[in-house]
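Trainee: This structure is in C-alpha cells; I'll ask about it shortly.
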Amino acid sequence: MAYNFTTIEKKWQEYWLTNKTFRAFDPDEAGDMPKAYILDMFPYTSGQGLHVGHPEGYTASDIYSRYLRMKGVNVLHPMGWDAFGLPAEQYAIRTGKHPRLTTEENIRNFRRQIQMLGFSYDWDREVDTTDPNYYRWTQWIFLQLFNSYFDPMDQKAKSIGHLINELQNGDFLVAPDGTIHLNPVQEGMEALSGQSSLLREWKDISPDEQRDVIDGQRLAYMDEVAVNWCPGLGTVLANEEVIDGKSEVGGFPVERRPMRQWMLRITAYGDRLIKDLDLLNWPESLKEMQRNWIGKSIGAEVDFDLVVPRLPEEDEVPTVTVFTTRPDTLYGATYMVLAPEHPLVDRIATSAQKAEVAAYRQQCATKSDRDRMADAKEKTGVFTGGYAINPMTYKPIPVYIADYVMMGYGTGAIMAVPAHDQRDYDFAMKFNIPIRQVVKPVSGELPAGRAFEEEGIAIDSALINGQTTAEAKQTMIRALEAESIGVGATKYKLRDWLFSRQRYWGEPFPIVLDEQGNAYAISEKELPLTLPEMEDYKPTGTPEPPLTRATEWRKYQRDGKQYLRETNTMPQWAGSCWYYLRYIDPKNPKQFIDPVKEKYWMPVDLYVGGVEHAVLHLLYARFWHKVLFDLGHVSSPEPFMRLVNQGLILGEMEFHAFTKPDGSPVSADELSDIAEEMLDKTPTMTGTHKTTGQKCLGRRVDIEAVEKSGPKFVLKSNPSSAVDARAFKMSKSRGNVVNPDAIVKDYGSDCLRLYEMYMGPLEMQKPWSTRDIVGMSRFLNGVYRNLLGDDEAPSTTPRVAAAPVPDDLDRQLHRTIKKVAEDIEGMRFNTAIAELIKLNNELTHLQPVPKNVADAFALLLAPFAPHLAEEVWSRLGHAKSLAREPWPTFDPAKLVESVLELPVQINGKLRDKITVPADASEETILAAALAAEKVQPWIQGKSVKKKLYVPKRLVNIVVA
RNA sequence: GCAGGAGUGGCGGAAUUGGCAGACGCGCUGGCCUUAGGAGCCAGUGCCGAAAGGCGUAGGGGUUCGAGUCCCCUCUCCUGCACCA
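Position 708 of the first sequence, counting from 1, maps to 702 under our numbering, and the rest follow consecutively.
As C-alpha cells, then:
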C-alpha cells in the first residue's frame, strides 16, 4: 500500500510555517555561523500559474539550502513575486478585472503552489514588487539614478551636486552640444586645438542652459530617440525586449519612431559590465551572451574632409566622422558609406543624385527590420554623387549610402575597405569600386575572390609599412591624433536602456514636469508615489499613457508653481533589479536596506534561474547594483557571485511522419529544416524536401506506431519511412504543458522534486516523461516500507531496531554519505539520488534495519524529499525537525574493501577477473592474473611482453 | 556566417577525468505472491551468436599497454548573436 503523502506533506508544511523552521538569522543572532545567500529568480506571477520548469531550479537551490543548514550554515533563502508589467496587464484586460485584483489572485495561486512543494523559504521575507512599501524604494533608487552622473575620469557614478561643484570650479567645460569636457588648462594639459575654443565655462552659461547641461548628464534622463514603438501593445519597448523585429511579449510587430522617453545611462557602465564578468562564477556561455550584447569594439574615429562647396556660415571644411576598428587599413579605404538616415546625406548628395538618394532613403524607411535582415545577403545602396578625401592618400573617394550601415552604431558612417572587410568587398564588387590591398598575410598568399580580414603586415601604406596589424593600429591612432584628424575610440553595441512604458501597471515615476517639459524629482519624503485608482486603465493606443487620464492625480504644486506628474510608468524589469537586496531587510521603513545587514549577507552566493534572463534582468540588475555601489549604498561591486542556469524542461517526446504536397508519404531523412511553423494559425510541422524543394507537412503519430531501426525511428506500418522524433518546448498552443498541481496530487511533491532532479544534469535541456515518475514513487514507497513498514499506525517503527550493522551495508552507508555530500556540493543531484536508491535497495531484505542506519538515511534523504524524511525522523523517535540536525559524517576507513576484484586484460581486452586480498603485493597479483583460468588460453604459446598492474584498478598483460 | 554546448542501449542518463562502458531509474521478458492492482518480491535485459567468441560510446583517422574520455578531420542537433564597421 502506498504511504499517504498528501497527509504527511501537508502536516510538515504546516509545521515548518508555524515553527519558522527556515528563518534566516540576522547578523547579531548568527554568532560565528558562516552565512550563505541562496537565491532563486523569483517568478513573474502570470495567470497560468507555476509550470514544471519553476520547481526545477527551486528544488535545486532548496536541496543546496537544506544541506547547508544541516552543515551549520546560516542560510538566507527567500521567495517573492515579480508582478508589475505587461503580461499581468494584458491578462487583466483579457479577463476584464483590474490588474491589482488579478495580480493578487495570481500571487495567491503562486504562493499556494510553491508552498505545496515544500521549499525551505523564510516566508517572513516575502516581497512583492507591486506593494507600495516595496516600490517606494524602487522609486527611491530611480531618484538616486536621476540625481547622479557618470564621472568619466573615475569611471563611476557620483552625485549631481558634485558635478555642479566641478563645473563651478571650472574643472569641467561645456561643449556646444552640451557635453562636458575636462578643462585642459586646469588639468595642466595643452589646449586641444580647434575644439577647445568652443568650450565654455559654467559661469558664461545661462541658467536654462545650465539646467539642460545637468539634465543631459543624469544617469536617468529624458531624450528624443528613435524607439521601438509597438502598436499592438500600445507601448515602447527596450531593445532587449524586441526579438527579430517583434515584441518578446505577444509577438507583435515593432516600428521605429522618434519619441521623447526616459533613458537610463547603462552605456556608461559598458566597460565595467564586461570587465567585472571576470569576477563571476557564471556559465561561460552566459558571460559570452552579455559580452556580445554589450559589444565593445576598440578602434578610432577618423574625420574625412568632404568635397562640397562651403556654405557661407562655415569657417572650416565640412567633415564626416567614421568609426573603424581597423585604422591600420586607412590607406585601403576606397569609398565611404553613410547610413541612409545620416544627417549629412542631404549636404553631400549632388543635385543629379538627389532623386535617387531620396528614393533609396524612402525605401529603407518603410522596410521593416525583418525585411532588412532577410535581404542581408544582397548589398544595396546608391551613390550620393559626392566625394570625401582619404586623409592618408589624399585621393577623393565616392560617398554612398547603403542600409548595411546603421545609424545606431558608431558614427553611422564607415570608411569602406573592400580588400579587408567582406561586406565592403561584396558592395565594391557590385558597384565596381576599386579594391586596394594594404595588409598581407604574415605567411602565405592573399586569398583570391574574397576579403582578407585577418591580421597581417601593412603594405602600400607609407606611414606603417612592415608593421604588424597591432603595431600599425597604434601608430595610426597616434598619427591621427597628432594631426587632429582622428582619435582613438571605443564603441558599444549596447544602447541606453529605454525606461518608460505607456502603460498603467508599473511603478509611477517620482518626477514632475514643468510647462516646458523639464523634469524635477519629488522629494524622498513624498514616496511612495502610488498608482491612482482608475476605472479605465487600458492603453490609449497612442503614445499617450493611460495615467494622463488621471487628471487630479497628475496635478502637483510646489512653491506656488504648477507642475504635472510624469505619466509614463517604469518597465517590468525595474522591480527585479534590486529585489535580492530587499529580502535582506524586507520590512525596513527607513531605508531600502540596513547597511549592516547588507554587508553581512551580500553578495549572493548562489543564484539559480533560467538563461532567458541573460541580457535583460541580469544585465539591468548588475547595472543598478554598480550604481548603488558607486554611491556607497551597497558594499560589493557585483550582486551574484555564482550563477547556475537550470536547463529547459521540454514536453514529452513526439513523433511526426511526413507527406508530400500530393499526399504521398515521405521519409523524414529526405527532408531538411524540419521545424514548427504557423500555418492558418495552427502550429504545423513542416520540412523541405532535400532534392525537390517541396514543402512537406508532418502529422503526429503515436509512440506505439513507431519503432527504432538502426539510428532512426520508422513507422511500424512502413519501415522504410523514417519519422522525426523530438521534444518541444512546452506551450499552451501545443497542449504539452505539464501542470505541477496534477503531479503533486497523483504522486506527492517529494516525488515531483525527486523526479525533476533525477531527470539529468541540472543545466541540461531534457524532455519530460510522465511514465518515468513512477520510479521515484516506488523509491519513496520503498523507503517508507523499509523503515516504517506497511503498517501505517503512527507510533510503530517495526522494522528499525538497535542492531549491529553488517559490513557490506556499513560500507554502502559511508559511500552514500560521501557521495551525496559531494554531489550536492557539485549540484549533481541525479547521481546523489541514484546513490540513495542503492542504499535503500540494500535495506529491502534487512530485518531489522539498524537504528543508526535508519537515522542517517533520513538525514541524507532530507534535502531531496524533506516531507518523508521529517516523517521518518519523527517516527524514529526524534522530537525536533531534522532541518538543523548535523549532516552525517563518513569514516574513510569504512570505505576500503578487504578483497579486490580485479579485471585482467590481455592486450587491453577484458578476459577474466581475479579476486585478491586488498593488501596483496604486485607480484602476487600478477602471478594470480597469469594463472587465471580464462587468461591461460590467451598466453599459451605466446611471449609475454609486458605486465602492467594499475594499483587497485586492473591488470593488463601484453603478449606478442 | 560567428560564438557556446551536445551526440553513449528501446528511453532518461552513469562512468572518481586515460583503467571493468552502460551505475541508477523507466520500459521490456520470465517467474513468485495475491482480497486481480497503475501493489510487492525474485531473475534477466547493449547488439550479433547455440556456444566459444566477436562487435559496440555520431562517422573517419591518430597517440597509448589501454580511449566514451586526449589530438586531427567530417557529420548532425540545440542555444545565442547576426550587415555592429
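Even for Gly, the Cβ is constructed at its ideal location relative to N, Cα and C.
(1) What are the boundary residues of the alpha helix (DSSP H) that GLY264 is part of?
(2) Identify every residue that forms a DSSP beta bridge with LEU68.
(3) Classify PRO860: buried if its beta carbon has 16 or more other beta carbons within 10 angstroms, exposed otherwise.
(4) Can you look up SER153 in the DSSP assignment and give me helix, strand or coil?
(5) Just to confirm, are VAL953 and SER937 a CB contact at a threshold of 8 Å?
(6) Quick one: is SER59 buried, meaning 16 or more other Cβ sit within 10 Å of its Cβ, or exposed?
(7) Which residues mark the beginning and the end of the alpha helix (DSSP H) in which ASN901 is found?
(8) Find the nearest neighbour of VAL311 within the set THR318, PRO303 and PRO225, judged by alpha-carbon distance.
(9) Run through DSSP, which three-state label would ALA513 get?
(10) Between which two residues does the beta strand (DSSP E) holding LEU840 run?
(11) Nearest-angstrom Cα distance between TYR577 and TRP595?
(12) What does a CB cutoff of less than 8 Å around GLU448 pick up in its chain, not counting 5 residues either side in sequence?
(13) List the DSSP bridge partners of VAL929.
(14) What separation, rounded to the nearest whole angstrom, lies between the Cα atoms of VAL609 and ASP22?
(15) Going by DSSP in three states, ASN562 sits in which element: helix, strand or coil?
(16) Bridge partners of CYS224, per DSSP?
(17) With DSSP as the reference, please indicate the residues paired to TYR749 in a beta bridge.
(18) So TYR550 and VAL506 are in contact, right, with Cβ under 8 Å, and what is the actual spacing, rounded?
(19) Under the rule that 16 or more other beta-carbon atoms within 10 Å means buried, what is HIS156, buried or exposed?
(20) Write down every uninterrupted run of the beta strand (DSSP E) in the stretch 645 to 705 whose length is 3 residues or greater and which is fully enclosed by it, in chain order.
(21) If we require 3 or more residues per run, which beta strand (DSSP E) segments fall completely within the stretch 462 to 517?
(22) Let me know if ASP76 comes out buried or exposed under the rule of 16 or more other beta-carbons within 10 Å of its beta-carbon.
(23) Just mark HIS619 as buried or exposed, buried being the case when its beta carbon has 16 or more other beta carbons within 10 Å.
(24) How big is the Cα-Cα spacing for TRP1035 and PHE503?
(25) Is it right to say PRO540 is buried, meaning 16 or more other beta carbons lie within 10 angstroms of its own, or is it exposed?
(26) Alpha helix (DSSP H) containing ASN100: first to last residue?
(27) Candidates TYR9, ALA30 and PHE493: which alpha carbon is nearest PHE19's?
(28) Between ASP209, LEU894, ASN159 and TYR498, which lies nearest to THR534 when the distance is taken from Cα to Cα?
(29) If you check the beta carbons only, do ILE900 and LEU924 fall under 8 Å apart?
(30) Under 8 Å, do LEU644 and PRO761 count as touching if we go by C-beta distance?
(31) Tell me whether the stretch 560 to 568 and the stretch 72 to 89 touch, counting them as touching only if at least three CB pairs, one residue from each stretch, are closer than 8 Å.
(32) Taking a contact to mean a Cβ-Cβ separation below 8 Å, would you say VAL393 touches TYR403 in this structure?
(33) Is the beta carbon of GLY264 less than 8 Å from the beta carbon of LEU488?
(34) Which of the three DSSP states, helix, strand or coil, is assigned to ARG250?
(35) Considering just the uninterrupted stretch of the alpha helix (DSSP H) at SER771, what are its terminal residues?
(36) Tell me the rounded alpha-carbon separation between LYS654 and ASP740.
Mentor: Let me lay it out:
(1) 264 to 269
(2) This sequence places Asn at residue 68; Leu is not what is there. LYS29.
(3) buried
(4) The three-state reading of DSSP puts SER153 in strand, counting E and B together.
(5) yes
(6) buried
(7) No alpha helix (DSSP H) contains ASN901, which DSSP labels as neither H nor E.
(8) Minimum Cα distance to VAL311 is reached at PRO303.
(9) If DSSP states are grouped into helix, strand and coil, ALA513 belongs with the strands.
(10) Careful: LEU840 lies outside any beta strand (DSSP E) and carries neither H nor E.
(11) 10 Å
(12) PRO435
(13) Partner(s): none; VAL929 has no beta bridge.
(14) Each residue's Cα considered, the two are about 37 Å apart.
(15) coil
(16) THR229
(17) Partner(s): none; TYR749 has no beta bridge.
(18) At roughly 5 Å, the Cβ-Cβ gap stays under 8 Å, so TYR550 and VAL506 are in contact.
(19) exposed
(20) 665 to 673, 676 to 683, 689 to 695 and 700 to 703
(21) 480 to 486, 505 to 507 and 513 to 515
(22) buried
(23) buried
(24) Any question about residue 1035 goes unanswered here, given that the chain covers just -5 to 954.
(25) Within a 10 Å sphere around the beta-carbon of PRO540 sit 16 or more other beta-carbons, which makes this residue buried.
(26) For ASN100, the enclosing alpha helix (DSSP H) begins and ends at 93 to 109.
(27) ALA30
(28) TYR498
(29) no
(30) yes
(31) Taking 8 Å as the limit for Cβ pairs, the verdict is that the stretch 72 to 89 does touch the stretch 560 to 568.
(32) no
(33) yes
(34) strand
(35) 767 to 782
(36) 42 Å
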